[in-house]
């Protein structure tokens, strides 16, 4: 569970970025892209300490701009800032994961219902079919970054078809990327397949124009995710002090 509108992956950071001055805005976008892509690809892992000299050198920004950018990411729940230890990629405890899923589910169900109600043309049906096919191919590839990017596009397609652009701003998909990265090393292949298999029924219900079935498919998908979280050991959800 992704034009001119902000994508769901960076929606949480884009709003605050736009309110900054020109240089910090550019730096915020650059840092947000680097860190969110790094989380998806495994370059950054939850709990990892972010070294300021390394990031300023790699991204070509000043230390002041970096620190301002990290504040935006902290507000979006992607980075944790400590007065004495600096910046870290966020870690979610079980409570945070449960609250994240409780927040995301009703928004995703709304997106699916709206998409089903508005998937009425060959073009919109083709758009949803492509997003579903791309996600299936990404799941088969076994590449986490490819899979998470395809998932973002799947959500983007739902939102675009449904027509409610506000959903792109409020769905916390970047936080779910963080959650997925956190459980990557402890979940089993059964868990991965359970997650990937949840999207096909959603897409088929949308393409069929069945809002009730699309809503139920999203609910079942989240039920499966919650079962996976219960299966995993407590050590997968240490949180950060």
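Numbering (UniProt numbering), first residue to last: 1 to 241. The C-beta atom is built at its ideal place from N, Cα and C for all residues, glycine as well.
Beta-carbon proximity list for residue 24, same chain, < 6 Å, skipping 5 on both sides: Position 24 of the chain shown, counted from the first residue, corresponds to residue 24. Because the pLDDT of residue 24 is 45, which lies under 50, any placement of that residue in the model is unreliable, and the question is left without a value.
Proximity winner among 238, 41, 222, relative to residue 201 (alpha-carbon distances): Your numbering for residue 201 matches position 201 in the chain shown. Ranked by Cα distance from residue 201, the options 238, 41, 222 are led by 222.
Residue 82 classed as buried or exposed, judged by whether at least 16 other C-beta atoms fall within 10 angstroms: Here residue 82 refers to the residue found at position 82 of the chain shown. The Cβ neighbour count for residue 82, taken over all protein chains shown within 10 Å, is under 16; the residue is labelled exposed.
Pairwise C-alpha distance: residue 44 and residue 112: For the purposes of this step, residue 112 is taken as the residue at position 112 of the chain shown. For the purposes of this step, residue 44 is taken as the residue at position 44 of the chain shown. CA-CA distance, residue 112 to residue 44, rounds to 31 Å.
For residue 205 and residue 193, believed in contact at Cβ under 8 Å, the rounded distance: Against the chain shown, residue 193 aligns to sequence position 193. Against the chain shown, residue 205 aligns to sequence position 205. Contact annotation, residue 193 with residue 205: C-beta distance approximately 20 Å; criterion of less than 8 Å not satisfied.
Candidates 125, 71, 225, of which the one nearest residue 158 by Cα: By 1-based counting over the chain shown, the position of residue 158 is 158. The option with the nearest alpha carbon to residue 158 is 125.
Cβ neighbour criterion (16 or more within 10 Å) applied to residue 149: Residue numbering aside, residue 149 sits at position 149 when the chain shown is read from its first letter. Under a 10 Å Cβ-count criterion, residue 149 is classified as buried, with 16 or more other Cβ atoms of the shown protein chains found around its own Cβ.
Collapsed DSSP secondary structure at residue 106 in the structure displayed: Walking along the chain shown from the start, residue 106 turns up at place 106. Helix at residue 106.
Residue 62: first and last residue of the uninterrupted alpha helix (DSSP H) it sits in: Your numbering for residue 62 matches position 62 in the chain shown. Looking at the DSSP string, residue 62 is not in any alpha helix (DSSP H), and its letter there is neither H nor E.
N- and C-terminal bounds of the beta strand (DSSP E) containing residue 86: Within the chain shown, residue 86 is the residue found at index 86, counting from 1. Counting along the chain, the beta strand (DSSP E) containing residue 86 begins and ends at 86-89.
Residue range of the unbroken beta strand (DSSP E) whose run includes residue 79: Within the chain shown, numbered from 1, the residue matching residue 79 stands at position 79. In the DSSP assignment, residue 79 falls within the unbroken beta strand (DSSP E) covering 79-82.
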